[in-house]
Amino acid sequence: MLAKVYSGAVFGVDAYEIEIEVNAGHGEPKVVVVGLPDAAVKESSDRVWTALINSGFTPPMGRTTVNLAPADIKKEGPSFDLPIALGMLASEDQLDGTRLADYCVTGELALSGEVRRVRGVLPIALRAREEGRKGILVPPENAEEAAVVEGLAVHPVGNLREAADFIAGKREIPPFQVDMQAAFGGGTLYDDDYAEVYLPKMHKVAS
Numbered sequence: 599m600l601a602k603v604y605s606g607a608v609f610g611v612d613a614y615e616i617e618i619e620v621n622a623g624h625g626e627p628k629v630v631v632v633g634l635p636d637a638a639v640k641e642s643s644d645r646v647w648t649a650l651i652n653s654g655f656t657p658p659m660g661r662t663t664v665n666l667a668p669a670d671i672k673k674e675g676p677s678f679d680l681p682i683a684l685g686m687l688a689s690e691d692q693l694d695g696t697r698l699a700d701y702c703v704t705g706e707l708a709l710s711g712e713v714r715r716v717r718g719v720l721p722i723a724l725r726a727r728e729e730g731r732k733g734i735l736v737p738p739e740n741a742e743e744a745a746v747v748e749g750l751a752v753h754p755v756g757n758l759r760e761a762a763d764f765i766a767g768k769r770e771i772p773p774f775q776v777d778m779q780a781a782f783g784g785g786t787l788y789d790d791d792y793a794e795v796y797l798p799k800m801h802k803v804a805s
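Heads up: the sequence shown begins at 599 in my numbering, then just goes up one per residue.
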């Protein structure tokens, strides 16, 4: 069975949408990641496999192929762990993946299934809004950063089980709300160059 999950990758100050295709097949249990992944992305198979088990799920019992498209863009870092895990669950029919197309997903997985902070969430959230995604699933530590993007629901997920239950419609996770006046009215945690690049994009009305 083939499942699709949407995530994002950052290049410079911009982000691109990444379509993650996960196909569950037959044969010796093995996870193969293709689509120009770096070492950290390739290592995601081991993190995801263990996180699935420790979250109470059954890991893939056959050959699983993970394709990160477009294939000509280099994929870096551990932020694809969570979307790959959700794709595996959907491809193995352990998760109703109907709602996966509505969301962008990003997050590193600990072996316990906990979702850890990642970099580049703000530009990824901006790209998700431009692509018409309903919302974005992010680590709790990244929720405030993503929530400054207007017109996009930000759902913080603490672990893999929470994320899977939310996608399956078994758990409600209210969108994270940020006080824009407090965040930008009297100073900001972001440096001047960062704010200069992203502030105009944050408040741009999605077309």
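For every residue, glycine included, the Cβ atom is placed at its ideal position computed from N, Cα and C.
Residue i in three-state terms, based on DSSP
i	result
residue 713	strand
residue 635	strand
residue 629	strand
residue 719	helix
residue 620	strand
residue 611	coil
residue 605	strand
Beta-carbon proximity list for residue i, same chain, < 6 Å, skipping 5 on both sides
i	result
residue 623	660 and 661
residue 755	713, 735 and 761
residue 645	679 and 707
residue 674	636
residue 663	621 and 630
C-beta atoms of residue i and residue j nearer than 7 Å
i	j	result
residue 689	residue 620	yes
residue 758	residue 711	yes
residue 685	residue 601	yes
residue 687	residue 723	no
residue 653	residue 716	no
residue 774	residue 752	yes
Chain-order list of residues whose beta-carbon lies under 7 Å from that of residue i (same chain, five-residue window excluded)
i	result
residue 743	719 and 720
residue 729	615
residue 643	629 and 631
residue 692	655 and 656
residue 665	619, 632 and 633
residue 606	613, 614, 615, 616, 702, 704, 722, 725 and 726
Same chain, Cβ closer than 8 Å to residue i, five either side skipped, listed in chain order
i	result
residue 604	615, 616, 617, 618, 681, 698, 699, 701, 702, 703, 726, 729 and 731
residue 648	709
residue 669	632, 633 and 634
*Which ranges would you report for the alpha helix (DSSP H) in the segment 653 to 711 if only whole runs of at least 4 residues count?*
DSSP runs (the alpha helix (DSSP H)) wholly in the segment 653 to 711: 679 to 689.
*Curious, which full-length beta strand (DSSP E) runs of at least 3 residues does the segment 726 to 779 contain?*
The segment 726 to 779 contains these whole beta strand (DSSP E) runs: 733 to 736 and 751 to 754.
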